[in-house]
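> There's a structure below that I have some questions on.
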Amino acid sequence: MKKLLTLVLALAMMLCAFSFAQADDITLDVIIAQYGPNTQDWFLGTGMNGTSFKAKFEEVNPGIKLNLEVVSWNDLYTVVSTRISNNNAPDILNIDTFSDYANEGLLLPVSDYCPETLFADFFPSFIQESVIDGTVWAVPDLASARALYYNTDLLREAGVEAVPETWAELEDAAQAIVDYYSGEVYPWGIDMTTDEGQAAFAYYTWANNGGFVDENGEWALNSDANVEAIEYALSLVKNGFTNPNPATQTRYDLQDMFGAGKLAMVIAPNSVPAYIAGKGFDNVNFATASIPHNEGASSSSVGVMDRIMAFRDDSADQAARNEAIGKFLTFFYDPENYVGWVSMEGFLPAVNSAVGALVASDPSFEAWLSVLDSAKFYPTTKAEWNDVKQGVIAVEQSALTGGDVRTLLNDLQAKVTGK
Amino acid sequence: MNNVFTRHKWEPYIWILPSVLLMLIFVVFPIGIVFRLAFSEISRAGVVGQFIGFQNFIDAVSAPVFPTVMLNTLIWVVSVVGLSTLIGFIAAMVLNQEFHGRKIARSIMVFPWAASLVIQASVWNYIIKMEYGNLNNILLNLGFIKSAVNWRSAYQIEFIWECAVGIIVTIPFVTFTVLSGLQSIDVSYYEAATVDGASFRQKLFNVTLPLVKPSLTVSTVLNIIYVFNSFPIIYTITKGAPANKTDTMVTYLYMLAFYDQRKGPATALSVIGFLILCIASGIYMMAAMRKEESL
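Residue numbers (my numbering), protein chains in the order written: chain A, 2 to 420; chain B, 225 to 519.
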């Protein structure tokens, strides 16, 4: 009996000690997307000059504790939606899309927590991509831009004098590569997988003055320009100009083939040099160019942006919590921390204050920043975006197995708009 | 006396209490939650809303790809369970014979079972890669083919390959369950059958099969459940692409829930899958037991 009493007392004391220690602290639940092999180490290990983001933040901001988790993109959506279903949404989330969360009233407006000086530092065109009904719901954490990568040696040997700028030139170049290498080298890479098939849709439709939406911002998935663009992409596959299995070969497979010298041209993000170097491919000489477009249309780069957002939590100390979230953002975007973060995985910045230091460390950033300036982004602010994203991938894959592009796009347009 | 009696009465329940609690917390309770979710509106972000009756079920079943997915699931379960049971049974018969190196053969048989399913699926996926897969390399080096063959030229072929991988990874389980059944058969039955002049066929159908039936029943029922719910092979090799044409119910409902963000219909599908499994296993077990009784 005595033993039991001692045990109960000891437990009670431990609980008291625990709650005292926690009394004045705010703990922020943070979920960060895993961009590459260094993300975990930077946030939680020793990747930030021998320390971690978490440790440094808690040192600078006493009274705020971070419960920070780095989650791979594969699991991110599962983790977040499961937590929301269990009424356990994170305080701060780093992910790509935000419109579902905003439309369901789960997010805090950025103006509630973001300090004004920091807010003014974001590229305005990026902030515009996170506005629904006049309210900013998320801030960009980084971006990447896409361009055409080509293997200079392969093209030269096959007798391709100039990098293809139009679709017709692309077909000629591809034919020359097929003739010269007789199937040993794939001229062109296409990824129509569930991993990122929506990017392929953007690459071809935007290069044909089409796209996801019309000039009024309404869904225009089945436009003539889109039908022509997707049929063109499929013709590349059917003529044997591409990697053989676009429905299952992801962008990473393509980047591997490109690094290994098996693929001559591919549209890929600005992080490709870092990726190729990290994989140990060192025999490949490559350069970048604009994404090829149809005759009479203009080329545009494809920008991809991820975001940081804060979830509503109807607890009492909302003001203190908002302030803590603001401190988190201020610390994250401090050039001293942020520049290391962005350059580590080879991404492009979202704030002006980081540009100078990034260009100084790598002059190629400047060219990419100008590409990014003219880049188009996915219409992620529209509520139906996720259906559209999955829908265009299904259209591409169905068309690969023989479906009619126009019928498929008509069906998708009808499903998305309900007409 | 009374004390001993009370103890004996309660003791078994205390012993099984931890397992019952575990089952309640980790099996029964989650199943209950899934049933509740299946009849609730679930928003895209994951917020659970009000009760909406069978709407999720109607949405799930009326999807255009639903028939394809169900047909795939049927082909997948029947071919994998059927062929792995047949081949596993034959392998068990062979391994039950006395021969040199029998122990080594048995360990080789169990190796695939010891490796994680995701790893095995990745390896088999790698083997058929056109660019640097082992299959093309071996055939090229042996001179059977002149240039690399695209083994994944059509989704039908990809699905057959997935079924083949499913069969290969399931064989060890069947083999060892049947082998344990075979080893418990008394040799005297065979001696008696031999004395009576029974042929191999007669021994197989009149001695071996009836006596090994309990193990076969167990392995088949468990197999139906495992294979129906098997996720890693298809998810690793095709992720159901192109356009759900190689999806089975489990991979489809995963994609529906976590790619398409349509958790309501996905939960409804998992309830349908659960019921299908309960019914299929129930029918099989009842049929098997009835035959056993009539023996």
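A virtual CB, placed ideally from N, CA and C, is assigned to each residue, including glycine.
Everything numeric in this text was worked out from a predicted model, so none of it was measured.
For residue 406 of chain A, collect the residues of the same chain with a Cβ closer than 6 Å to its Cβ; drop the 5 residues on either side in sequence, then sort them by chain order.
Closer than 6 Å at the Cβ level, and outside the excluded window around residue 406 of chain A, lie 228, 231, 232, 400.
> Report yes if the CB atom of residue 215 of chain A is closer than 7 Å to the CB atom of residue 208 of chain A, and no otherwise.
No. Outside cutoff.
> Would residue 146 of chain A and residue 357 of chain A be called neighbours here (beta carbons separated by less than 7 Å)?
no
> Relative to chain B, which residues along the segment 149-169 of chain A have a C-beta separation below 9 Å, given in chain order?
When CB distances to chain B are screened at a threshold of 9 Å, not a single residue of the segment 149-169 of chain A falls below it.
> Between which residues of its own chain and residue 289 of chain A is the CB-CB distance below 7 Å, once the five residues before and five after are set aside?
148, 149, 150
> So is residue 258 of chain A buried or exposed if we call it buried at 16+ other beta carbons inside 10 Å?
Classification for residue 258 of chain A: buried.
> For residue 198 of chain A, which residues of its own chain have a beta-carbon under 6 Å away from its beta-carbon, when the five flanking residues on both sides are left out?
Within the same chain, residue 198 of chain A has close Cβ partners 394, 397.
> For residue 102 of chain A, tell me which candidate among A/273, A/277, A/137 has the shortest Cα-Cα distance.
A/137
> Listed in chain order, which residues of the segment 352-365 of chain B have Cβ atoms closer than 7 Å to some Cβ of chain A?
Those residues of the segment 352-365 of chain B placed with their C-beta closer than 7 Å to a C-beta in chain A are 354, 355, ordered along the chain.
> Would the segment 480-498 of chain B and the segment 259-277 of chain B be scored as touching if the rule is three or more Cβ pairs under 8 Å?
yes
> Are there three or more Cβ pairs, one per stretch, closer than 8 Å when the segment 176-183 of chain A is compared with the segment 347-367 of chain A?
no
> Under DSSP, the beta strand (DSSP E) around residue 363 of chain A begins and ends at which residues?
Here residue 363 of chain A belongs to no beta strand (DSSP E), and DSSP marks it neither H nor E.
> Taking CB distances under 7 Å as the criterion, tell me whether residue 225 of chain B reaches chain A.
Note on residue 225 of chain B: pLDDT 48, under 50, position unreliable in the model; no value is reported.
> Mind pulling the chain B residues with CB within less than 8 Å of residue 85 of chain A?
269, 270, 271
> Is residue 22 of chain A close to chain B? Criterion is C-beta to C-beta, closer than 7 Å.
Unreliable positioning characterises residue 22 of chain A in this predicted model, as indicated by a pLDDT of 47, which lies under 50. A coordinate reading is not provided.
> Are there 16 or more other CB atoms within 10 angstroms of the CB of residue 254 of chain B, so buried, or fewer, so exposed?
exposed
> Can you give, in chain order, each stretch of the beta strand (DSSP E) that sits fully within the segment 334-383 of chain B and has at least 3 residues?
none
> So that I know if they touch, is there some Cβ in chain B lying closer than 7 Å to that of residue 103 of chain A?
It does not; no Cβ of chain B falls within 7 Å.
> Residue 245 of chain A CB to nearest chain B CB: under 7 Å?
At least one CB atom of chain B sits nearer than 7 Å to the CB of residue 245 of chain A.
> Relative to the C-alpha of residue 246 of chain A, which residue among A/202, A/190, A/271, A/205 is closest?
A/190
> Sort A/249, A/243, A/116 by Cα distance to residue 460 of chain B and report the nearest one.
Ranking A/249, A/243, A/116 by Cα distance to residue 460 of chain B puts A/249 first.
> With 7 Å as the C-beta to C-beta threshold (strictly closer), list the residues of the segment 381-400 of chain A near chain B in chain order.
387, 391, 395, 398, 399
> Grab me the residues of residue 382 of chain B's own chain with a C-beta within less than 6 Å of its C-beta, minus the 5 sequence neighbours each way, in chain order.
Here the set comprises 376, 462, 470.
> Going straight from the alpha carbon of residue 269 of chain B to that of residue 82 of chain A, what length do you get?
6 Å
> Sort A/39, A/382, A/264, A/26 by Cα distance to residue 73 of chain A and report the nearest one.
A/39
> Counting pairs of beta carbons, one from the segment 58-77 of chain A and one from the segment 101-118 of chain A, are three or more of them closer than 8 Å?
Because the criterion of three Cβ pairs below 8 Å is not met, the segment 58-77 of chain A and the segment 101-118 of chain A do not touch.
> In terms of alpha-carbon separation, which member of A/329, A/355, A/193 lies closest to residue 94 of chain A?
A/329
> Give the secondary structure of residue 79 of chain A by DSSP, where H, G and I count as helix, E and B as strand, and everything else as coil.
helix
> Measure the beta-carbon distance from residue 305 of chain B to residue 441 of chain B and round it to whole angstroms, keeping in mind my assumption that it falls under 8 Å.
The Cβ separation is near 13 Å, so there is no contact.
> What does residue 376 of chain B reach in chain A if we use C-beta pairs closer than 8 Å?
245, 246, 249, listed in chain order.
> Report the neighbours of residue 184 of chain A on chain B: residues whose CB is nearer than 9 Å to its CB, in chain order.
371, 372
> What is the residue span of the beta strand (DSSP E) that residue 232 of chain A lies within?
Counting along the chain, residue 232 of chain A falls outside any beta strand (DSSP E), though it belongs to the alpha helix (DSSP H) covering 225-239.
> First and last residue of the alpha helix (DSSP H) that includes residue 70 of chain A?
Per DSSP, residue 70 of chain A belongs to no alpha helix (DSSP H); it is in the beta strand (DSSP E), 65-73.
> Would a check of beta-carbon distances place residue 402 of chain A closer than 7 Å to chain B?
For residue 402 of chain A, the answer is yes, since a Cβ of chain B falls inside 7 Å of its Cβ.
> Helix, strand or coil: how does DSSP classify residue 99 of chain A here?
Here residue 99 of chain A sits in coil by DSSP.
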